[in-house]
Every structure is written in C-alpha cells, then in structure tokens.
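Undergrad: Could you have a look at this structure, given as structure tokens, before my questions?
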Amino acid sequence: MDRNRVANALVLLRLGVFVVMLFWTLDKFINPQHSSGIFEKFYGLSGMSANFFMLIGIAQLALVLAFVAGYKKRFTYGAVLILHLVSTLSSWQQYMDPFNNLLFFAAWPMLAACFALYYLRDMDTHWTIDRK
58 MDRNRVANAL VLLRLGVFVV MLFWTLDKFI NPQHSSGIFE KFYGLSGMSA
108 NFFMLIGIAQ LALVLAFVAG YKKRFTYGAV LILHLVSTLS SWQQYMDPFN
158 NLLFFAAWPM LAACFALYYL RDMDTHWTID RK
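The numbering used here applies: residue 58 is where the sequence shown begins, and numbers increase by one.
Here it is in structure tokens:
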C-alpha cells in the first residue's frame, strides 16, 4: 500500500471533519441560544447558561485545533469520534422520518470518516504535529 496516497486521503478527511466540528464549535460562541436548544432537544439537558456554552466552546475549540494539527492523535481523534458518535446517535428520532430530515443522514459518512481517521491515525502523517 502506498502510504503517501493514504496520508493524502487522510489529511483531506481530517480537514473535512475539522470544518464541520469548527462550525459546531463556533455556534456555541456566536449563538449560545441555538446550542441550548440543541442540548435540550437532543440530549435532554435544559437550563444551561450562555457561560456554560462558552466554556464548552473553549474546550471544544482546543480539541478541534489539536485534532486538525494531528496532535495526540489517539486522544484527539478518539474524542472527536466519540463526540460525533454521541451526536449522531442522539438524533435517532430524525432517522425515523428520513425524507423530512435528509441532512441528518450526512452524519453517517462523517462518522465513518471519524472512525477511519482514528483507525488509521498512525498513517495520517501529512501536516501533523505527531508524525508517528
């Protein structure tokens, strides 16, 4: 297997996942009311303050920046995979009405990308801090 071709594909997957995760993170800063609605609807958590979402956003921003940099891949790629897995599974009701919720199905290929990045993290060497 040509490791360079695999590394090229993985860096593109990492950048694609990063873009989605970055905007989910920025939403916590820009529109904490939207984040509050999501936490209430999909996770059953209500009454969270804007400050709570700022703290979550700061932690998530640190994670996604470390992720895109390829830093501590076992931890950061694993954390992104788990966060996206929880997000995907928490939306299960949307999958019961697929034609009114088509965009929710985009979560599944992204989940596959997160898994591939975690599973092949040792081969993801382009533009990473941790090259091994």
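Virtual Cβ for every residue (Gly too), placed ideally from N, Cα, C.
For clarity, every value in this text was computed on a predicted model and none was experimentally measured.
1) Have a look at residue 153 and residue 159 and give me their C-alpha separation to the nearest angstrom.
2) To the nearest angstrom, how far is the alpha carbon of residue 131 from that of residue 94?
3) Do residue 71 and residue 174 come within 8 Å of each other at the CB atom, strictly closer than that value?
4) Skipping 5 residues on each side, what residues in its chain have a beta carbon closer than 7 Å to that of residue 121?
5) Looking at the structure shown, is residue 184 part of a helix, part of a strand, or coil, going by DSSP?
6) Report yes if the CB atom of residue 147 is closer than 8 Å to the CB atom of residue 176, and no otherwise.
TA: Judging by the given coordinates:
1) In the sequence shown, residue 153 corresponds to position 96, counting from 1. In the sequence shown, residue 159 corresponds to position 102, counting from 1. Using only the alpha carbons, I get a separation of about 11 Å.
2) For the purposes of this step, residue 131 is taken as the residue at position 74 of the sequence shown. For the purposes of this step, residue 94 is taken as the residue at position 37 of the sequence shown. For residue 131 and residue 94, the distance between alpha carbons rounds to 31 Å.
3) The residue you call residue 174 lines up with position 117 of the sequence shown. The residue you call residue 71 lines up with position 14 of the sequence shown. Taking 8 Å as the Cβ cut-off, residue 174 and residue 71 qualify as a contacting pair.
4) Translated into the one-based positions of the sequence shown, residue 121 becomes position 64. Taken in chain order, the residues that qualify are 75, 78, 79 and 82.
5) What you label residue 184 is simply residue 127 of the sequence shown in a count that begins at 1. Coil at residue 184, not helix or strand.
6) Residue 147 sits at position 90 when you count from the first residue of the sequence shown. Residue 176 sits at position 119 when you count from the first residue of the sequence shown. No. Outside cutoff.
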